[in-house]
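Everything on this sheet refers to the single structure shown next.
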Amino acid sequence: ISCINCGTTSLGAYLDGHAHLSVGTKKEHKFFVMKCADERQGPSYECDTQAYQKEFPSLPKGCEWNPISGEASMMKRDFKKAFANMKCPGLTQSDLDSTVAQDAWADVWGLDISPKYFFVSGAARRIHKMMPHARMIALLRNPVDRHLSHIEQKFNMMVLRKSGGGTNSLSTFQSCVDAVAVKWGFSASGEGAGPSGCSSGMLKAAEQFLLDEKDYSYYIDHFKIWFDLYGKDKFLFIPDTTLHDPTIRQRLMDEISAFAGVPAFQYADDGPLYDESLTHASVKKWTIPNSLRQVLWDIFELDARNAELYKVLGKDLGWTAQKVKK
8 ISCINCGTTS LGAYLDGHAH LSVGTKKEHK FFVMKCADER QGPSYECDTQ
58 AYQKEFPSLP KGCEWNPISG EASMMKRDFK KAFANMKCPG LTQSDLDSTV
108 AQDAWADVWG LDISPKYFFV SGAARRIHKM MPHARMIALL RNPVDRHLSH
158 IEQKFNMMVL RKSGGGTNSL STFQSCVDAV AVKWGFSASG EGAGPSGCSS
208 GMLKAAEQFL LDEKDYSYYI DHFKIWFDLY GKDKFLFIPD TTLHDPTIRQ
258 RLMDEISAFA GVPAFQYADD GPLYDESLTH ASVKKWTIPN SLRQVLWDIF
308 ELDARNAELY KVLGKDLGWT AQKVKK
């Protein structure tokens, strides 16, 4: 579980390369917010355990899955041709078809990297009912950075949809952020470039997006629900800045292996885990005045909420309203 836009795609793609970990058919299964969810079937609906298990196909010993492909939440494997998605040196399809003994299957744990589980009502309860001994990896990101990344993605998709893909959504979003800064009185420092290029309708949308979904940034409120069910010891907390550290990849993977209770796995190389090529193609770099970031920080009351989170974690993550270069 994790906040949306916190680096789950990069971490998930790398963990999927572990010999004992697999995302199965896709990165984000969303089973407990779509196929078995309070909103869709009601709180008394019983989840189909077998249907969920089928999303994590067994892997014969001596084989490994080919990498998942796609970007962000759309990363998946095409299992219509299962053998074509496996690397099995010296084995044929008939060999695999005749493999029925239980000890012939590799010992692989499933990874369901669906950030929405963290926020959606009822998801934690349903997951706990089916998997009371599950373990959770929680990526944590500065709430303002996470919020801005998320709403930029939404804004870009809206612009591209309305323009049929013919509008530069990055420049439009940047213009609208600057326009909001002007409207809210935060452009005097010269941080904002002015409102040119943003229509009144887009300006209204940008303002709405900036103030929408504040509860996504209230991490501690959501963690309390999960802690009541699982306890804090079933969680491994990873700051997103860790993914940008070029020296920590193997150490982090060893820590995750130990936490998950699977054998350690030696990766071929080291370097930062964060891979920008895996994120939504429409999301690029843009700037926002620090003064506007501070407004969002204050509106979301993040000083108090983050202090409570730090107390639970036993660690100060050092988040501030100001943009910090990674």
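For the sequence shown, the residue numbers in the numbering used here are 8 to 333.
We put the beta carbon where it would ideally sit given N, CA and C, even for glycine.
(1) Quick check: the segment 21-28 against the segment 259-277, are at least 3 beta-carbon pairs closer than 8 Å?
(2) Applying the criterion that 16 or more other CB atoms from any shown protein chain within 10 Å of the CB defines a buried residue, is T3 buried or exposed?
(3) Does the count of Cβ pairs from the segment 304-316 and the segment 136-143 closer than 8 Å reach three?
(4) Thinking C-beta only, is D23 closer than 8 Å to G129?
(5) Can you give the Cα-Cα distance for K211 and H157, rounded to whole angstroms?
(6) Helix, strand or coil: how does DSSP classify P246 here?
(7) When the Cα of N12 is compared with those of E262, G325, D252 and L147, which residue comes out closest?
(8) Curious, which full-length alpha helix (DSSP H) runs of at least 4 residues does the segment 111-159 contain?
(9) If I follow the unbroken alpha helix (DSSP H) through K239, where does it start and stop?
(10) Taking all protein chains shown into account, decide if Q181 is buried (16 or more other Cβ within 10 angstroms of its Cβ) or exposed.
(11) From the DSSP output, which residues share a beta bridge with K94?
(12) If you follow the alpha helix (DSSP H) that D310 is part of, which residue opens it and which one closes it?
(13) So what does DSSP say about K190, is it helix, strand or coil?
(14) Starting from the C-beta of M143, find all residues in its chain whose C-beta is less than 8 Å away, skip the five residues before and the five after it, and write them out in chain order.
(15) Out of E62, D261 and E159, which has the shortest C-alpha to C-alpha gap to E220?
(16) Have a look at G19, R132, Q60 and W191 and flag the residue whose alpha-carbon is nearest the alpha-carbon of Q301.
(17) Compare the Cα-Cα distances from A328 to each of V151, F162 and D261 and report the closest residue.
(18) P246 and L118 look like a contact to me (Cβ under 8 Å); what is the Cβ gap, rounded to whole Å?
(19) For a quick check, are the C-beta atoms of L66 and V127 less than 8 Å apart?
(20) Looking only at its own chain, which residues have a Cβ that is under 7 Å from the Cβ of I134, when we skip the five neighbours before and after it?
(21) Assuming V187 contacts L217 (C-beta within less than 8 Å), just tell me the rounded distance between them.
(22) Distance, Cα to Cα, A58 vs I120?
(23) Under three-state DSSP, which class holds K34?
(24) Does the Cβ of I306 have 16 or more other Cβ atoms within 10 Å, making it buried, or fewer, making it exposed?
(25) Where D252 and R258 are concerned, what is the direct C-alpha to C-alpha distance, given to the nearest angstrom?
(26) Rounding to the nearest angstrom, what Cα-Cα distance links C10 and I295 in this structure?
(27) Over what stretch of residues does the alpha helix (DSSP H) that includes D19 continue unbroken?
(28) Name the two residues that bound the continuous alpha helix (DSSP H) containing W326.
Reading off the structure:
(1) yes
(2) With the chain covering only 8 through 333, there is no way to say anything about residue 3.
(3) no
(4) Numbered from 1 along the sequence shown, position 122 holds the residue referred to as residue 129. Numbered from 1 along the sequence shown, position 16 holds the residue referred to as residue 23. Contact: no.
(5) Against the sequence shown, residue 211 aligns to sequence position 204. Against the sequence shown, residue 157 aligns to sequence position 150. Roughly 17 Å between the two C-alpha positions.
(6) Counting from one through the sequence shown, the residue named residue 246 turns up at place 239. Three-state DSSP puts P246 in a strand.
(7) Position 5 of the sequence shown, counting from 1, holds the residue named residue 12. Answer by Cα proximity: L147.
(8) 130-137
(9) Mapped onto the sequence shown, residue 239 falls at position 232. That residue, K239, is in no alpha helix (DSSP H); it is neither H nor E in DSSP.
(10) Position 174 of the sequence shown holds residue 181. Result: buried.
(11) For this step, residue 94 is matched to residue 87 along the sequence shown. Per DSSP, E71.
(12) For the purposes of this step, residue 310 is identified with residue 303 of the sequence shown, where counting begins at 1. D310 -> alpha helix (DSSP H) spans L309 to L320.
(13) The sequence position of residue 190 within the sequence shown is 183, counting from 1. Reduced to three states, the DSSP call for K190 is helix.
(14) Walking along the sequence shown from the start, residue 143 turns up at place 136. Here the set comprises I8, W233, Y237, K241, F242 and L243.
(15) Stepping through the sequence shown from its first residue, residue 220 is reached at position 213. For the residues E62, D261 and E159, the minimum Cα distance to E220 belongs to E159.
(16) Translated into positions along the sequence shown, residue 301 becomes position 294. The shortest Cα separation from Q301 among G19, R132, Q60 and W191 belongs to W191.
(17) Within the sequence shown, numbered from 1, the residue matching residue 328 stands at position 321. A328 has its Cα closest to that of V151, out of V151, F162 and D261.
(18) The residue labelled residue 246 in the question sits at position 239 within the sequence shown. The residue labelled residue 118 in the question sits at position 111 within the sequence shown. That belief does not hold up - the Cβ atoms of P246 and L118 are roughly 20 Å apart, past 8 Å.
(19) Within the sequence shown, the letter at position 59 stands for residue 66. Within the sequence shown, the letter at position 120 stands for residue 127. Contact: no.
(20) Taking the first residue of the sequence shown as position 1, residue 134 is located at position 127. Counting only Cβ-Cβ distances below 7 Å, and skipping sequence neighbours, we find F39, Y124 and A141.
(21) Reading the sequence shown from its first residue, position 180 is the one you call residue 187. Reading the sequence shown from its first residue, position 210 is the one you call residue 217. Between L217 and V187 the Cβ distance is about 6 Å, and since that is below 8 Å, they are a contact.
(22) Locating residue 58 in the sequence shown gives position 51, counting from the first residue. Locating residue 120 in the sequence shown gives position 113, counting from the first residue. Approximately 17 Å, taken between the alpha carbons.
(23) Residue 34 sits at position 27 when you count from the first residue of the sequence shown. Reduced to three states, the DSSP call for K34 is coil.
(24) Position 299 of the sequence shown, counted from the first residue, corresponds to residue 306. Exposed: under 16 other Cβ atoms inside 10 Å.
(25) As a working note, residue 252 is residue 245 in the sequence shown. As a working note, residue 258 is residue 251 in the sequence shown. Distance between the alpha carbons of D252 and R258: 11 Å.
(26) Start at 1 with the first residue of the sequence shown, and residue 10 comes out as number 3. Start at 1 with the first residue of the sequence shown, and residue 295 comes out as number 288. Their backbone Cα atoms lie some 21 Å apart in a straight line.
(27) Within the sequence shown, residue 19 is the residue found at index 12, counting from 1. Before going further, note that residue 19 is Gly rather than Asp in the sequence given. Its alpha helix (DSSP H) spans residues T15 to L22.
(28) The residue labelled residue 326 in the question sits at position 319 within the sequence shown. Per DSSP, W326 belongs to no alpha helix (DSSP H) and is neither H nor E.
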